[in-house]
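The numbering of the sequence shown is my numbering, which starts it at 93 and goes up by one.
I have placed the structure first, in the form of structure tokens, so that the comments after it can refer back to it.
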Amino acid sequence: MVYLNEDVLFQILEDLNDKKSIYSCLLVNKIWCITAVPILWRNPGQYFMTNNSKKILFNVIFSHLSKESRNLLKKQVIDDIITETNQRPLFNYISFWKYLNFFLIENIITLISQKSIMSTITIRNEILKLFINGNTKFLHLSIPRNFNYQLHYILGVEHCFSEIESLSIYCKISQNILELLARTCKSIRRLRIINNQNVTIDNISGIIKLIEVQEKLNDVSFIDLTRMNKSLHKSLEESLIKHADTIQYLRMDWLPYTRILSYLVNLLSFEIDLPYNKNFGELSKFRSFQIIKNIKGHGVPPDVLANLIESTKIHLSEISIYCVIFNVSGDKRLIQTIYQNCPNLRYLKLSLVFYDNSLISEFDNLLINCKFLNELIIDVTDSQLFSWDKLFVILTKSSSINLFDFKFFSNKIIELDHIKLFLDNWKDRNPMLLKICTSMSLKEKQQLEDLIERYKAKGIIKNYFIGFDGNISEKMEWI
């Protein structure tokens, strides 16, 4: 057996980024187990957790508490939750946590406490003392809305948060927490600012300060910050302009009030999600992108998106678009702009509503000119007006050898005969990855699955996924 240096083994497993494979390493030998455990326990909350798994996780946390703390919590926890053992854990699992997710912790506390205010407070105090102290450091922090716990009073909190690289917070958290974060966290690279859609925001001074003190800010997302006046949006933009040299990824859901996009000279990805009743005049003026590689637009008219795409020239490799039909000529220009300006395009998602079939022929030009395209997503809301059979003919006729990953979304069933035609014509090409999400009955789903299985047996399909309407992820990875 070949023995690997522990550091080399750790790097291999970390790059593998596959939970199942890393989990199997626990049983190889002691060194492999010791190497794998810290990776598996880095972010326990990243996977979907049932109530039962949360109870198990609580017992792991409970086992790390002092005897005094355990005795205290036994009186505060619902009966039969604690499965205490005399054995101490084989590892200090808490020391491996790098993602401190207060939403998960609060969820566990709510699940296992006796529902009284005092029991909740007692459990929270003991758990936070275990996680936040002078011996731990976290890289990622997530704070839910209405989280007002006085973290700044916990001894060692500044040490714990001093190396935070990723932060996700809601607007409605206490100013004390925002002041603590601004004072302590100076190396945040990825920042998510979230708001509840129904909550009006009137004070963001703490958030502005937090943004301004960062030294390496690279990836910023503002999510559901629509209930905010113009001056506050403008203040956020101005705070980002101070990081013009480092920001490469930006997501926002309002029209810029400043020339922020002109200042962000190293921007690689721009995502904008807007209501349909907006005046897009300001956005249409931006023609200053230099090296941006990824544009995502939701609710932005085709003409405006076309202007943005033209300004990037040959650099775009990913485009994701959701737009309502404004006029056929605008949509036609959008598709033309894509294939005329994006020869290096590798990923394209078009989400279309009330689509006009006269535009399908433009897909032929798109496929011919975008030779590097390897993933295509078509999402059609009113598929009764959309000729899937014509699209499938064009895909088989004009797709390059690089394109074999398809996702099709539809709120109406896609005719089985149309899919069969597509698969018949795909013979002797690279086996495709096919994902279909459509409204259908269980019987129709079974018929589709039977059809696809036949073509998988022939080697025409490499792998596939069938989902009901809304039950498929745009970025779903194959396992």
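From the three backbone atoms N, C-alpha and C, an ideal C-beta is built for every residue, glycine too.
Nearest-angstrom Cα separation, counted from residue j out to residue i
i	j	result
Asp423	Leu458	13 Å
Met344	Phe362	8 Å
Asn369	Leu426	At Asn369, the pLDDT of 49 sits below 50, so the modelled position is not reliable and the matter cannot be decided from this model.
Asn485	Glu507	The residue you asked about is not Asn; residue 485 is Val in the sequence shown. Their backbone Cα atoms lie some 14 Å apart in a straight line.
Leu270	Leu332	17 Å
Thr318	Asn199	27 Å
Glu106	Ile131	7 Å
Lys112	Ile401	40 Å
Ser491	Lys519	13 Å
Gly559	Leu540	11 Å
Arg438	Thr142	37 Å
Lys572	Asp311	Within the shown structure, residues of the chain are numbered from 93 to 571, placing residue 572 beyond reach of any answer.
Ile300	Lys278	13 Å
Gln242	Ser266	9 Å
Ile417	Tyr349	Annotation note: pLDDT 49 at Ile417 (below 50); position unreliable, no value reported.
His156	Gly389	47 Å
Thr214	Thr127	35 Å
Asn563	Cys529	At Asn563 the pLDDT is 44, less than 50, meaning the model places this residue with poor confidence and gives no usable figure here.
Thr429	Leu397	9 Å
Beta-bridge pairing of residue i - partner residues as DSSP gives them
i	result
Met524	Ile553
Ile48	Summary: the structure shown does not reach residue 48, with the chain confined to residues 93 through 571, and so no result is reported for it.
Ile469	Lys441 and Lys499
Leu192	Leu233
Val169	Ser205
Given residue i as reference, the closest of the options once Cα atoms are compared
i	options	result
Asn436	Leu203, Leu495 and Val291	Leu495
Ser531	Glu160, Phe501 and Asn290	Phe501
Leu440	Glu410, Phe464 and Ile528	Glu410
Leu356	Leu347, Lys334 and Trp346	Lys334
Tyr185	Leu347, Val129 and Leu220	Val129
Glu218	Ser313, Ser158, Ser254 and Arg281	Ser158
Gln616	Thr175, Lys308 and Ile246	Only positions 93 to 571 of the chain appear in the structure, and residue 616 is not among them; the question remains open.
Lys221	Leu192, Ser116 and Pro236	Leu192
Phe188	Thr214, Val169, His232 and Phe195	His232
Asp337	Ser323, Arg281 and Asn151	Arg281
Phe230	Ser208, Arg180, Asn240 and Leu259	Leu259
Pro236	Asn227, Asn135, Ile197 and Asn268	Ile197
Leu302	Leu164, Ile261 and Asn225	Ile261
Terminal residues of the beta strand (DSSP E) in which residue i lies
i	result
Met344	Tyr341 to Met344
His251	First-last for His251: Val249 to Phe253, but that is the alpha helix (DSSP H), not the beta strand (DSSP E).
Val312	Asp311 to Ile315
Three-state secondary structure (DSSP) of residue i
i	result
Cys125	helix
Val485	helix
Leu105	helix
His335	coil
Ser205	strand
Pro136	helix
Trp570	Only weak support is given to the placement of Trp570: the predicted model assigns it a pLDDT of 42, under 50, and the value that follows is read from those uncertain coordinates. In this structure, Trp570 counts as coil in the three-state DSSP scheme.
Lys186	At residue 186 the sequence reads Ile, which differs from the Lys that was named. Helix, per DSSP.
Cys117	helix
Val357	coil
Tyr349	coil
Gln538	helix
Span of the alpha helix (DSSP H), counted from its first residue to its last, around residue i
i	result
Asn151	Asn143 to Ser155
Asp516	Leu508 to Asn517
Glu304	Ser297 to Glu304
Gln242	From DSSP, Gln242 is part of no alpha helix (DSSP H); its letter is neither H nor E.
Arg275	Gln267 to Thr276
Asp456	Ser453 to Asn461
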